[in-house]
Amino acid sequence: MIKRDFIANRGNLKGFIFVFFFRVSHFFQDHGALGKIVGLPFRVFYKIVFRWILCIDIPDSTKIGEGLMVFHGMGLVVHGNCKIGNNVVIRHNTTIGQKKANGAVPVIGNGVDIGAHSIILGDIEIGDNCVIGAGTFVDKNIPANCLVYGSPFVIKKLSNN
Amino acid sequence: MIKRDFIANRGNLKGFIFVFFFRVSHFFQDHGALGKIVGLPFRVFYKIVFRWILCIDIPDSTKIGEGLMVFHGMGLVVHGNCKIGNNVVIRHNTTIGQKKANGAVPVIGNGVDIGAHSIILGDIEIGDNCVIGAGTFVDKNIPANCLVYGSPFVIKKLSNN
Amino acid sequence: MIKRDFIANRGNLKGFIFVFFFRVSHFFQDHGALGKIVGLPFRVFYKIVFRWILCIDIPDSTKIGEGLMVFHGMGLVVHGNCKIGNNVVIRHNTTIGQKKANGAVPVIGNGVDIGAHSIILGDIEIGDNCVIGAGTFVDKNIPANCLVYGSPFVIKKLSNN
Chain A
1 MIKRDFIANR
11 GNLKGFIFVF
21 FFRVSHFFQD
31 HGALGKIVGL
41 PFRVFYKIVF
51 RWILCIDIPD
61 STKIGEGLMV
71 FHGMGLVVHG
81 NCKIGNNVVI
91 RHNTTIGQKK
101 ANGAVPVIGN
111 GVDIGAHSII
121 LGDIEIGDNC
131 VIGAGTFVDK
141 NIPANCLVYG
151 SPFVIKKLSN
161 N
Chain B
162 MIKRDFIANR
172 GNLKGFIFVF
182 FFRVSHFFQD
192 HGALGKIVGL
202 PFRVFYKIVF
212 RWILCIDIPD
222 STKIGEGLMV
232 FHGMGLVVHG
242 NCKIGNNVVI
252 RHNTTIGQKK
262 ANGAVPVIGN
272 GVDIGAHSII
282 LGDIEIGDNC
292 VIGAGTFVDK
302 NIPANCLVYG
312 SPFVIKKLSN
322 N
Chain C
323 MIKRDFIANR
333 GNLKGFIFVF
343 FFRVSHFFQD
353 HGALGKIVGL
363 PFRVFYKIVF
373 RWILCIDIPD
383 STKIGEGLMV
393 FHGMGLVVHG
403 NCKIGNNVVI
413 RHNTTIGQKK
423 ANGAVPVIGN
433 GVDIGAHSII
443 LGDIEIGDNC
453 VIGAGTFVDK
463 NIPANCLVYG
473 SPFVIKKLSN
483 N
């Protein structure tokens, strides 16, 4: 998985470093009470350095498929209950989370490309290979292979997929 | 006041740490020339660590009531002349400030819940218990107990309050 | 040039520090293979401290005229191929870059004032002395001396210029 992440983030060193630390922290988080305890120093380091200082606030409980690309990691908040597919691109100043306190969070499909300054909220599903334009507010289900953009957003079928 | 802040930010350690340092820095700022001088090292530390590095750019001159919640503190800019009520929630990538250079700044009531990626600008007042949806641009007065969302924004009366 | 930057950023120490380091890093970047090699430690320092940690992600290859003002430098991404004129104001949580992968990037004229949370994308030109309102998404050419704001954006001629 790390290898796939490395290939995905070629030329994007900050992105790869983040994804690497996320994977290790997630490994500990995902291995029961023992993993959580043994990995505590690492997980605290991840939280403070990446989530607090570098402002890439993705909890290590988030389920993210291989080949995650994080471009210009900053101003980024993802809820820890989110499920994100393989080969997803996330950019800066983006939020993926709850619409209301204690509400459900988005499920992001494979190959989704999320533009900068996007806001994706609520109990929704973004289908495989969708492209979400920069600055789009999305709070409804999006079928696979669609382009979503504008405010309020419009949905267009992508023909190339 | 610190106690109220602590209760408000349970489970939100970064938020509490920020609010704590803000309160201390504001204490020095608010106690005349002597306070400003004695507190200078602390205020410089606050400015560099919180406003510059952690990107929670709230000057210590800002008047903020008790129980301030700062979720995912990052990308946050509040003008130093703002007045913010009690029990206000502020999220990431939000700006509260001037619409024009040297212009007036918003007054935020008690219990206001401000969504992420919001922009609140100008000589306006946000009434008590308002909820401002994520990504909303607000530049007009909002009466108390209203929900504001969308672009351009719409206002709905909240019935539960 | 540094003197002009200093005057432009009076009272904005963080902004001036950033612009100073950008200028030095750009100087090395702009002086052939020798400059790039001699300046490597400095350029790496600039990249890690300013682009990664402080979240002012402006590559030192960007061509920027004198008197650059960066207010509340954070959450800021500018593409390295951008050309930016003299006396331009850039604020926080703003992106100036490509609309599509490997696409062209904006050219920003002289005296342009860019509001916070703006998104300026694609093969476009922003004319001299334009004002771009906070939170505006711009992906079309804007003639000189115009105010652009709203979503979708409207263009108004500025009479004072």
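In the order they appear, the protein sequences are chains A, B and C. Just so we're aligned, residue 1 is where the first sequence starts under our numbering, counting upward by one. Just so we're aligned, residue 162 is where the second sequence starts under our numbering, counting upward by one. Just so we're aligned, residue 323 is where the third sequence starts under our numbering, counting upward by one. We put the CB at the ideal spot given by N, CA and C, even for glycine.
Inside the region 67-110 of chain A only - alpha helix (DSSP H) runs reaching at least 4 residues: Every candidate alpha helix (DSSP H) stretch fails here, since none sits fully inside the region 67-110 of chain A while reaching 4 residues.
With 7 Å as the limit, tell me which residues of the region 67-101 of chain A have their beta carbon closer than that to any beta carbon of chain B; keep them in chain order. For the region 67-101 of chain A, the residues whose beta carbon sits under 7 Å from a beta carbon of chain B are, in order, G75, V77, N93, T95.
Taking the alpha-carbon positions, what's the H439 of chain C to L34 of chain A distance? Looking up residue 439 of chain C in the third sequence gives position 117. Looking up residue 34 of chain A in the first sequence gives position 34. In this structure, the alpha-carbon of H439 of chain C lies about 43 Å from that of L34 of chain A.
Please report the distance separating the alpha-carbon of K36 of chain A from that of M235 of chain B. As a first step, residue 36 of chain A is located in the first sequence; it is residue number 36 there, counting from the start. As a first step, residue 235 of chain B is located in the second sequence; it is residue number 74 there, counting from the start. Rounded to whole angstroms, K36 of chain A to M235 of chain B spans 27 Å at the Cα level.
Helix, strand or coil for I163 of chain B, going by three-state DSSP, please let me know. Position 2 of the second sequence, counting from 1, holds the residue named residue 163 of chain B. Helix at I163 of chain B.
Taking just the CA atoms, how far does I406 of chain C sit from Y149 of chain A? The residue given as residue 149 of chain A occupies position 149 in the first sequence. The residue given as residue 406 of chain C occupies position 84 in the third sequence. So the two alpha carbons sit approximately 27 Å from each other.
Distance, Cα to Cα, L443 of chain C vs A134 of chain A? Indexing the third sequence from 1 puts residue 443 of chain C at position 121. Indexing the first sequence from 1 puts residue 134 of chain A at position 134. If you draw a straight line from the Cα of L443 of chain C to the Cα of A134 of chain A, it comes to about 9 Å.
Going by other Cβ atoms of all chains shown within 10 Å of its Cβ, with 16 needed for buried, is R171 of chain B buried or exposed? In the second sequence, the residue the question calls residue 171 of chain B occupies position 10. R171 of chain B sits exposed, since fewer than 16 C-beta atoms from the chains shown fall within 10 Å of its C-beta.
Which residue marks the beginning of the alpha helix (DSSP H) containing I53 of chain A, and which one marks its end? Walking along the first sequence from the start, residue 53 of chain A turns up at place 53. Per DSSP, I53 of chain A lies in no alpha helix (DSSP H) segment and is marked neither H nor E.
Simplified DSSP state of F144 of chain B, which is helix, strand or coil: Any answer about residue 144 of chain B is impossible in this case: the structure gives chain B only from 162 up to 322.
Residue interval of the alpha helix (DSSP H) (run including V366 of chain C): To locate residue 366 of chain C, count along the third sequence from 1; it is residue 44. Note, V366 of chain C: alpha helix (DSSP H), 362-368.
Taking just the CA atoms, how far does F211 of chain B sit from G361 of chain C? On the third sequence, residue 361 of chain C is found 39 positions in, with the first residue counted as 1. On the second sequence, residue 211 of chain B is found 50 positions in, with the first residue counted as 1. Rounded to whole angstroms, G361 of chain C to F211 of chain B spans 30 Å at the Cα level.
C-beta neighbour in chain A for C307 of chain B, strict 8 Å: Here residue 307 of chain B corresponds to residue number 146 of the second sequence, with the count starting at 1. Answer no: the Cβ-Cβ gap between C307 of chain B and chain A never drops below 8 Å.
Whether I2 of chain A touches F22 of chain A by CB criterion (8 Å): The count along the first sequence starts at 1 and reaches residue 2 of chain A at position 2. The count along the first sequence starts at 1 and reaches residue 22 of chain A at position 22. Cβ atoms of I2 of chain A and F22 of chain A: not closer than 8 Å.
Is there at least one Cβ from chain B nearer than 8 Å to S159 of chain A's Cβ? Taking the first residue of the first sequence as position 1, residue 159 of chain A is located at position 159. It does not; no Cβ of chain B falls within 8 Å.
Contacts of S473 of chain C in chain A (Cβ-Cβ under 8 Å): Counting from one through the third sequence, the residue named residue 473 of chain C turns up at place 151. Chain A residues near S473 of chain C: S151.
Report the three-state DSSP secondary structure of N161 of chain A (helix, strand or coil). For the purposes of this step, residue 161 of chain A is identified with residue 161 of the first sequence, where counting begins at 1. Residue placement at N161 of chain A is poorly supported in this model, since its pLDDT is 47, which falls under 50; the coordinates still yield a value, given next. For N161 of chain A, the three-state secondary structure derived from DSSP is coil.
Exposed or buried, which one is S25 of chain A when buried takes at least 16 other CB atoms within 10 Å? One-based indexing of the first sequence puts residue 25 of chain A at position 25. Label assigned to S25 of chain A: buried.
By the criterion of Cβ-Cβ separation under 8 Å, what are the contact partners of D379 of chain C in chain A? Here residue 379 of chain C corresponds to residue number 57 of the third sequence, with the count starting at 1. For D379 of chain C, the C-beta contacts it makes with chain A under 8 Å involve H72, M74, H92, in order along the chain.
Counting C-beta neighbours from all protein chains within 10 Å, is the total for M205 of chain B 16 or more, i.e. buried, or is it exposed? Translated into the one-based positions of the second sequence, residue 205 of chain B becomes position 44. Here residue 205 of chain B turns out to be Val, not Met, going by the sequence shown. That one is exposed.
Short of 7 Å in beta carbon distance, which residues of its chain neighbour I477 of chain C, apart from the five on each side in sequence? Order them along the chain. Translated into positions along the third sequence, residue 477 of chain C becomes position 155. So the list reads I464, C468, V470, once near-sequence residues are dropped.
Check each residue of the region 171-204 of chain B: if its Cβ is closer than 9 Å to any Cβ of chain C, include it; give the result in chain order. Cβ contacts with chain C come from no residue of the region 171-204 of chain B.
Using the Cβ count rule (16 or more neighbours within 10 Å means buried), how would you classify S481 of chain C? Residue mapping note: residue 481 of chain C aligns to position 159 of the third sequence, counting from 1. With a 10 Å radius around the Cβ and a threshold of 16 neighbouring Cβ atoms, S481 of chain C comes out exposed.
Can you give me, in chain order, the residues of the region 270-295 of chain B that have a beta carbon less than 7 Å from any beta carbon in chain D? Looking for chain D here will not work: the only protein chains present are A, B and C.
When burial is assigned at 16 or more other CB atoms within 10 Å of the CB, is L433 of chain C buried or exposed? Translated into the one-based positions of the third sequence, residue 433 of chain C becomes position 111. Strictly speaking, residue 433 of chain C in this sequence is Gly, with Leu absent from that position. Buried, since its Cβ has 16 or more Cβ neighbours within 10 Å.
Where N173 of chain B and I58 of chain A are concerned, what is the direct C-alpha to C-alpha distance, given to the nearest angstrom? Within the second sequence, the letter at position 12 stands for residue 173 of chain B. Within the first sequence, the letter at position 58 stands for residue 58 of chain A. Computed Cα separation, rounded: 14 Å.
For F298 of chain B, would you say it is in contact with chain C, using Cβ-to-Cβ distances shorter than 8 Å as the test? Residue 298 of chain B sits at position 137 when you count from the first residue of the second sequence. With its beta carbon less than 8 Å from one in chain C, F298 of chain B belongs to the interface.
Using 8 Å as the limit for Cβ to Cβ distance, is I53 of chain A near chain B? If you number the first sequence from 1, residue 53 of chain A lands on position 53. Closer than 8 Å to some Cβ of chain B, the Cβ of I53 of chain A qualifies, so yes.
Throw me the rounded Cβ distance for the V410 of chain C and T384 of chain C pair, which I believe falls under 8 Å. Position 88 of the third sequence, counted from the start, is the residue given in the question as residue 410 of chain C. Position 62 of the third sequence, counted from the start, is the residue given in the question as residue 384 of chain C. The C-beta distance from V410 of chain C to T384 of chain C rounds to 11 Å, too long to meet the 8 Å contact threshold.
Buried/exposed call for D166 of chain B, threshold 16 Cβ in 10 Å: If you number the second sequence from 1, residue 166 of chain B lands on position 5. Residue environment: D166 of chain B is assigned as buried (16 or more neighbouring CB atoms within 10 Å of its CB, all protein chains considered).
Run the CB neighbour count on I329 of chain C, radius 10 Å, all protein chains shown included, and call it buried at 16 or more, exposed below. Along the third sequence, one-based indexing puts residue 329 of chain C at 7. Around the beta carbon of I329 of chain C, fewer than 16 other beta carbons sit within 10 angstroms, so the residue counts as exposed.
DSSP three-state call for V112 of chain A: helix, strand or coil? For the purposes of this step, residue 112 of chain A is taken as residue 112 along the first sequence, with counting starting at 1. DSSP places V112 of chain A in coil when its eight states are reduced to three.
Cβ distance (whole Å) where F18 of chain A is taken to contact V70 of chain A below 8 Å: Taking the first residue of the first sequence as position 1, residue 18 of chain A is located at position 18. Taking the first residue of the first sequence as position 1, residue 70 of chain A is located at position 70. Contact flag correct, Cβ pair sits at about 5 Å.
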